[in-house]
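In the UniProt record's numbering, the protein residues as written are 1 to 203.
As structure tokens, this is what we get:
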């Protein structure tokens with residue numbers, strides 16, 4: 001009994017000393033300030049934010065070995081995830097999120113490409129696609145805007161351009177609309193050639 005008691009007292013003292021070290025004003029790595037702001041690491045609260053964390057990044061993982069990685073050490077901070085994908089999706093409401101940014105740049109460096117050939121997709125391909133207007137199911141129920149959308153149906157596009165349609169692990173289909181730009185460019189070039197030929201025939 002005495003051994004047990006001494007062990008508990010000793011453990012309590014160790015925990016108290018450790019807590020004093022962690023939360024002391026001069027040496028703290030985790031600090032909760034009197035103004036309600038929390039800092040982790042050797043840093044000070046940043047402006048109006050309630051939490052400030054010092055470090056080169058953060059790594060999240062779970063029992064399935066999936067991961068999310070935040071790296072703030074490069075010139076431009078980086079985000080990485082399992083399968084080289086990041087999905088902005090609300091699991092609770094089963095809805096994709098909108099993303100608002102100033103610009104989007106797609107990696108297209110020639111050094112990263114092999115088997116480069118002229119595209120065979122052009123005006124004939126575009127003529128097989130069916131633009132539609134639509135609304136997403138359940139938008140009103142989730143309290144979100146039910147604006148009229150303009151786009152394509154993934155299942156229809158998949159029959160024409162299967163490489164630009166992605167099916168996730170839940171069976172949801174998504175379209176890479178950016179990949180349609182080269183097809184549209186080739187279509188415009190074809191039409192311009194036809195216009196030039198018509199102009200010549202009129203002369």
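By construction, the Cβ of each residue, glycine as well, lies at the ideal position given by its N, Cα and C atoms.
Everything numeric in this text was worked out from a predicted model, so none of it was measured.
Subject >> Own chain residues within Cβ distance below 6 Å of residue 31, not counting five before or after >> reply: 39.
Subject >> Cross-strand partners of residue 139 (DSSP beta bridge) >> reply: Paired residues: none, contrary to the question.
Original post:
Across which residues does DSSP place residue 39 in a beta bridge pair?
Top reply: Answer is 31 and 52, bridged to residue 39.
Original post:
Is the beta carbon of residue 123 sitting closer than 7 Å to the one on residue 190?
Top reply: Yes, the Cβ-Cβ distance between residue 123 and residue 190 is below 7 Å.
**OP:** Run the CB neighbour count on residue 170, radius 10 Å, all protein chains shown included, and call it buried at 16 or more, exposed below.
**Re:** With fewer than 16 other Cβ atoms within 10 Å, it is exposed.
**OP:** Quick one: give me the first and last residue of the alpha helix (DSSP H) that residue 188 is part of.
**Re:** 180 to 202 is the span of the alpha helix (DSSP H), which, as asked, contains residue 188.
Original post:
So the beta strand (DSSP E) residue 167 belongs to, where does it begin and stop?
Top reply: Annotation for residue 167: the continuous beta strand (DSSP E) segment containing it runs 165 to 167.
Subject >> According to DSSP, residues forming a beta bridge with residue 96 >> reply: Its beta-bridge partners are 89.
Subject >> Nearest-angstrom Cβ-Cβ length linking residue 158 and residue 172, presumed shorter than 8 Å >> reply: Actually they are not in contact, since the Cβ atoms of residue 158 and residue 172 sit about 13 Å apart, beyond 8 Å.
**OP:** Out of 66, 118, 107 and 155, point me to the one whose CA is closest to residue 83's CA.
**Re:** Nearest C-alpha to residue 83: 66.
**OP:** Could you tell me how far apart the beta carbons of residue 183 and residue 121 are, in whole angstroms, since I believe they sit closer than 8 Å?
**Re:** About 5 Å separates the Cβ atoms of residue 183 and residue 121, confirming a contact at the 8 Å cut-off.
Original post:
How is the alpha helix (DSSP H) around residue 69 delimited, first residue to last?
Top reply: Looking at the DSSP string, residue 69 is not in any alpha helix (DSSP H); the run it does join, the beta strand (DSSP E), is 67 to 71.
**OP:** Would you check if the distance between the CB atom of residue 133 and the CB atom of residue 148 is smaller than 7 Å?
**Re:** Going by C-beta atoms, residue 133 is nearer than 7 Å to residue 148.
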